[in-house]
Structures are given as structure tokens and as C-alpha cells.
Amino acid sequence: MLISHSRQNPRRFVVQAGQNMFEMWVYVWTLTHGGGVARPKDEYRIQLTGIKPPLTLNPSGPTIMIGYEPNLQCFAGFDLNKHQTFSTRSPSIQIPITTLHRALQDGFSFVTKGNDEIAVGFRPDQFLAYVLNSRLLHDQGVDAATVKILSRVVALEEITLDEMEQLPAERQRVVQTMSRLSRDTSFRRKVLAAYEQRCAVTRIQLRLIDAAHILPVGVEGSNDDIANGLCLSPTYHRAYDRGLIYLDDDLVMKINPIKEQELIQVGLAGGLRDFKAYLGDRIHLPQDRNQWPSVEFIRAANRFREINK
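If you read the sequence shown in the working numbering, its first letter stands for residue 2, the second for the next number, and so on.
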């Protein structure tokens, strides 16, 4: 529950987690690219506007510093200890947008920054998990070896006992915590297993597939049920998320003619014929009919993306 002004940093919330209730302070800004041809295309940033250093911390609970990317509807968490004081001359904090892309798949993702900081991408459904573990993640996860193992853990790859024993005890605790969170809520694991790790459109495996939400994360009514999932190769996943293709009530993947014409008009339709060759047929489906895409999710997704069939 928000208990402060909605546009003033830090936003103050009262949160109930199980039997515990606590106050949480959140410094939050929108993640943007910010333009500029010299800036890397995947570099997104928050601008620390509207506040002066040093940042005030919550004396009785967690304080977090995050960015929100509205198109992906995903968050980036930064180490508050690294940024409690800062230069007031155009202060900003950067993160690769690819970190958020990975978080959409796995729930969490991690990247090291040049100031010995670990930044964390996380989905909205993992917000509370991030809040409860943010200090542990940022304090203990800064070395490259730990970040590499954390990235494998959230992707549900197996970590050997020997690899774990090479980490200090506190960092082992971080890895174990993230492993538990990821396996408890892993949408990717469930969807890939249901579809036998095959793209629902091309039927290709080759370990080159994503778990896509039919109704996107963050949209009202979306969840991590298998019936809200599709197994898609990365190209078809991006095309689906951007509304270039859509699933109809008969479970046939089709091209969106409006988006198709937009590509043709701007001269970006190269390869479209080959891309469309896999469309128009019923998709590859799980053996268990209970795991098939839900018509309710399909219709809600098409309304959200304004698909006019």
C-alpha cells in the first residue's frame, strides 16, 4: 500500500509478506535510452532527477533503487550503497537492455558494472522476492564467478557441488536462494517441458527456444500458467511480442496484415516470404491437452495487441 505522494521519491509503501508487515522505500525512475548516436543501442539508463544526495534511507526496513522500462514492463535494480551519493551534474545509472530481456525469460538476470556493482533485472512477479533479497544480492554477488553462476541458476542449469564449494559461504547462500526462487516460479521450465523444447511454429529444438507469455507479463490477468505459454524460437518470439504474428482461436499462427504492410512500406520486409512459410498451420502443441494455450488468454492477448482479425 502506497503511503506517500505517488510522484515523490522515495515512494513509501507498507508491505505484508506472509505474517510480516514492514515499510519499504523505493527510489524509482523510468529507464530510457536517452538518444544520442554515440551511445550504444542497448544502453538504457535512469536519470536521478528530483532528488539531492545523499539519499535518505528507510530506518526501519528496506530501501531500493530501481528503474522501470514500460515497453518490456520489467525492472532493473541497482546497488543503493554505490549511489547514495552522486554528482548533481546530470547523474545517471546505466544497464544493458538485454539484461531485462533475459529477466523476462528467467524471472531474474544479472550483470556486472564497472564500479564493482551488480545490477539485477527482474520481472514484476519477482518484485517482492527482489525486495526481500536485494541486500544479499548486491552485497554478495559482485564478483564475476558468482554472477556467472547466478545467471546459470536462474536459467535452471545444474550447478555442480564442486562449483558451489569454490564460492564463499555467503555467496553460496545467494546462489541457493536464487535457485529456490527460480525453481519455485519458473515459467520457462514448465513451458519448455510441455512443448518438448520445440518451437511451436517451426518445431525446431536445437536449444534455441524461448518461453513466451501469450498475454504479456504485467497485463491484467496474465500469469505463469502453462496455458498462458508458448515455446517459440527467438525470432518468432520477438515477432509475436511485437504483434507481427498472432495466434487465433483455432491455434493457428498467422501474420498480422497491418504490421506486415508497415514493414513493406518502410522497406524492411526482406526475408518475409521465408518467415511466413511456417505460418498458417496449427502450431505444435503439448501432448497433454490441459497444457494447450487457453482461448481466454489468446483473445485477451489479441485485444491487448489490437489484432483485428
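By construction, the Cβ of each residue, glycine as well, lies at the ideal position given by its N, Cα and C atoms. Keep in mind it's a predicted model, so treat the numbers as computed, not measured.
- Here Met-179 is buried, its C-beta having at least 16 other C-beta atoms within 10 Å.
- In the structure shown, Pro-125 adopts helical secondary structure according to DSSP, grouped into three states.
- Within the region 174-200, the alpha helix (DSSP H) runs of at least 4 residues that lie entirely inside it are, in chain order, 188-195.
- Judged by beta-carbon spacing, Leu-216 lies beyond the 8 Å limit of Met-254, meaning their Cβ atoms are not closer than that value.
- In this structure, the beta-carbon distance from Met-2 to Phe-14 falls below 8 Å.
- Taking all protein chains in view, the Cβ of Ile-227 is crowded by 16 or more other Cβ atoms within 10 Å, so the residue is classified as buried.
- Relative to the Cα of Met-66, the nearest Cα in the group Val-27, Lys-42, Ala-39 belongs to Val-27.
- By the Cβ-count criterion, Asp-275 is exposed, with fewer than 16 other Cβ atoms from all chains shown falling within 10 Å of its own Cβ.
- Ser-110 carries a strand assignment under DSSP once its states are collapsed to helix, strand and coil.
- The C-alpha of Thr-100 is placed about 14 Å away from the C-alpha of Ile-94.
- Counting of Cβ neighbours within 10 angstroms places Gln-127 among the buried residues, the total reaching 16 or more.
- Taking the C-beta atoms as reference points, Ala-120 is found nearer than 8 Å to Ala-77.
- By the CB criterion at 8 Å, Val-218 and Pro-97 fall outside the cutoff.
- The distance from the Cβ of Tyr-69 to that of Thr-33 is about 10 Å, inconsistent with a contact at the 8 Å cut-off.
- The Cβ neighbour count for Asn-134, taken over all protein chains shown within 10 Å, is at least 16; the residue is labelled buried.
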